[in-house]
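Number of protein chains: 2
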Amino acid sequence: MAAWSELLAGVRGVLLDISGVLYDGGEGGGAAITGSVEAVARLKRSRLKVRFCTNESQKSRADLVGLLQRLGFDVSESEVTAPAPAACLILKQRGLRPHLLVHDGVRSEFDQIDTSNPNCVVIADAGEDFSYRNMNKAFQVLMELENPVLFSLGKGRYYKETSGLMLDVGPYMKALEYACGIEAEVVGKPSPEFFKSALQEMGVEAHEAIMIGDDIVGDVGGAQRYGMRALQVRTGKFRPSDEHHPEVKADGYVDNLAEAVDLLLQHANK
Amino acid sequence: MAAWSELLAGVRGVLLDISGVLYDGGEGGGAAITGSVEAVARLKRSRLKVRFCTNESQKSRADLVGLLQRLGFDVSESEVTAPAPAACLILKQRGLRPHLLVHDGVRSEFDQIDTSNPNCVVIADAGEDFSYRNMNKAFQVLMELENPVLFSLGKGRYYKETSGLMLDVGPYMKALEYACGIEAEVVGKPSPEFFKSALQEMGVEAHEAIMIGDDIVGDVGGAQRYGMRALQVRTGKFRPSDEHHPEVKADGYVDNLAEAVDLLLQHANK
Chain A
280 MAAWSELLAG VRGVLLDISG VLYDGGEGGG AAITGSVEAV ARLKRSRLKV RFCTNESQKS
340 RADLVGLLQR LGFDVSESEV TAPAPAACLI LKQRGLRPHL LVHDGVRSEF DQIDTSNPNC
400 VVIADAGEDF SYRNMNKAFQ VLMELENPVL FSLGKGRYYK ETSGLMLDVG PYMKALEYAC
460 GIEAEVVGKP SPEFFKSALQ EMGVEAHEAI MIGDDIVGDV GGAQRYGMRA LQVRTGKFRP
520 SDEHHPEVKA DGYVDNLAEA VDLLLQHANK
Chain B
280 MAAWSELLAG VRGVLLDISG VLYDGGEGGG AAITGSVEAV ARLKRSRLKV RFCTNESQKS
340 RADLVGLLQR LGFDVSESEV TAPAPAACLI LKQRGLRPHL LVHDGVRSEF DQIDTSNPNC
400 VVIADAGEDF SYRNMNKAFQ VLMELENPVL FSLGKGRYYK ETSGLMLDVG PYMKALEYAC
460 GIEAEVVGKP SPEFFKSALQ EMGVEAHEAI MIGDDIVGDV GGAQRYGMRA LQVRTGKFRP
520 SDEHHPEVKA DGYVDNLAEA VDLLLQHANK
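Protein sequences appear in the order of chains A and B.
The number in the working numbering is simply the position in the first sequence, starting from 1, with 279 added.
The number in the working numbering is simply the position in the second sequence, starting from 1, with 279 added.
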């Protein structure tokens, strides 16, 4: 592996994944990952620009930020790029009325969206709401459309809660794709449009930015394909086999966000 | 399309799909498809050999046959090839202990199978039991195995009940495949081993046999790949677009089983 000084040279902006990097979800909201609260604070005191880029689609942005603040993080809503608001923008632009298969916690993000007489389906990480009945309803809506359109807020395989690995929205997206013989449009990482909007908000070019995440495909692979550098943390859903992934190789692997920030503050923007 | 006399020449054995061909499931067990009870009876009185070849995995073979008999069909358990008994044979041969994600109605088929300390997962059409919790449990069992093995009893996309289209096991198989990064072993149509065992039970070679089903991929495509002829009925899950399927073309399309049997009795085994 090249020296960190070389790998991190010229970095001006940092995109941080949230779940598995800042905290692990779970009972009572979850728990901050050791060192991450201080790491975020140090990063925000530095000359580096910082933005949070999450595929969280079970909570509204307001609820997510409230939870993070309770865990001690310095973060505000305007600093977070999340898929539900991005999806609302697309729905409005294209005049689409969604049938929503989403968790109740994120439903408020869609308050301004017309959901009558649906002509597309939006699925998000619905958790326990991924019941057979709800999946079948989304399937039936799609099968009745002449041109079925399915949006998936992210396509992660699974995430880690304090109690263990949990199925994310991706497997359910694959289920509906197969059932209907269609391909979903992904809103969230690793979609290039999503990284683009996060970088625009931060005012940093892709080649000056680095993504830090626990998902080797969604975070690391997606960011690299968009021209960014990317580090994988060995927290959250990280598994040792990720370091030998057949398709994606991170620019670097670090034990946790605290180590990533140590390295960034030492070597970036020099 | 070639003349029916040519298409059906030399047919000695008929494999009949059950759901969507004999009956449509639904409230109170479902309803026989018009003309199918008589069609089966006429076929069994002819010189043609007949066997039922189903991917039904929500009911035990005994319960399925009981239901069909109540609907008026002349059918016995020994005439039915079904995926659960086939799966049990494989599990025993390979010394595998399954975690079962199946409907309660089919659980009795696995009574003689050791399910302690599971080293594989078997999924079937679990219907309402495809809850998030049950899917997540199957996912976690697979992720804890060094060599995760997933058996899927069929891989149908959906089937038709009297109330509408319903998600079959295939979408849930795809979900677990994607979540775990593995490929399932399919037990049932369109697996060649499954057609092979049905034909062996009937004592007929593939080139002398014809499959009649409502599933353009599982029934028609699967049978053709095994060297059989295949007709698609315009009942059950049939959709007009099936007649222009990009990959599979049936040897013939008929309105229902009654029409298929008319043609077979006129032209087959001449």
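All residues carry an ideal CB built from backbone N, CA and C; glycine is no exception.
Since this is a predicted model, take the numbers as computed values, not measurements.
Neighbour-count burial assignment, residue i, 16 or more Cβ in a 10 Å radius
| i | result |
| --- | --- |
| A341(B) | exposed |
| H378(B) | buried |
| T514(B) | buried |
| L478(A) | buried |
| H523(B) | exposed |
| A547(A) | buried |
| A454(B) | buried |
| T313(A) | exposed |
| E388(A) | buried |
| A288(A) | exposed |
| E456(B) | buried |
| G307(B) | exposed |
| A282(A) | exposed |
| S236(A) | Past the edges of chain A, shown from 280 to 549, lies residue 236(A), and the structure says nothing about it. |
| N415(A) | buried |
| N237(A) | The requested residue 237(A) does not occur in the structure, where chain A is confined to residues 280 to 549. |
CB contact flag (residue i, residue j, <8 angstroms)
| i | j | result |
| --- | --- | --- |
| M481(A) | G292(A) | yes |
| P227(A) | V466(A) | Past the edges of chain A, shown from 280 to 549, lies residue 227(A), and the structure says nothing about it. |
| G449(B) | K434(B) | yes |
| A529(B) | S315(B) | no |
| G506(B) | H486(B) | yes |
| Y411(A) | E407(B) | yes |
| K338(A) | V329(A) | no |
| V290(B) | S336(B) | no |
| A365(B) | S476(B) | yes |
| F418(A) | C459(A) | yes |
| V428(B) | C399(B) | yes |
| V533(B) | V499(B) | no |
| A318(B) | V540(B) | yes |
| C332(B) | L295(B) | yes |
| S442(A) | G309(A) | no |
Cβ shell of residue i (< 7 angstroms), same chain only, five flanking positions each side left out
| i | result |
| --- | --- |
| V344(B) | V354, S355, E356 and V359 |
| Y437(A) | L444, M445, L446, D447 and K516 |
| M452(B) | I402, S431, K434 and A463 |
| A320(B) | D353 |
| L370(A) | P377 and I392 |
Expected contact under 8 angstroms - CB spacing of residue i and residue j to nearest Å
| i | j | result |
| --- | --- | --- |
| L510(A) | G531(A) | 5 angstroms |
| G299(A) | D493(A) | 4 angstroms |
| I495(B) | D521(B) | 4 angstroms |
| L286(A) | R508(A) | 7 angstroms |
Neighbourhood of residue i by C-beta distance below 8 angstroms, restricted to the same chain and skipping five residues each side
| i | result |
| --- | --- |
| D393(A) | R376 |
| A311(B) | L301, Y302, L350, G351 and F352 |
| L347(B) | I297, L301, Y302 and V354 |
| S395(A) | R376 |
| N413(A) | L380 and A405 |
| V483(B) | R291, G292 and K328 |
| L424(A) | N398 and C399 |
Any non-hydrogen atom of the ligand COA within 7 angstroms of residue i CB
| i | result |
| --- | --- |
| I392(A) | The ligand COA is absent from the structure shown, which contains no ligand whatsoever. |
Contacting residues, own chain, Cβ-Cβ under 6 angstroms from residue i (five flanking each side not counted)
| i | result |
| --- | --- |
| S284(A) | H546 |
| Q503(B) | A509 |
| G497(A) | G435, K468 and P469 |
- Message: At a CB distance below 8 angstroms, what residues from the stretch 414-440 of chain B approach chain A? Give them in sequence order.
- Response: M414, N415, F418, Q419, M422, R436 and Y437
- Item | Against chain B: residues of the stretch 442-475 of chain A by CB proximity under 9 angstroms | G443, L444, M445, L446, D447, G449, P450, Y451, M452, K453, A454, L455, E456, Y457, A458, C459 and G460
- Pull out every residue of the stretch 390-417 of chain A whose Cβ sits closer than 9 angstroms to any Cβ of chain B, in chain order. A405, G406, E407, D408, F409, S410, Y411, R412, M414 and N415
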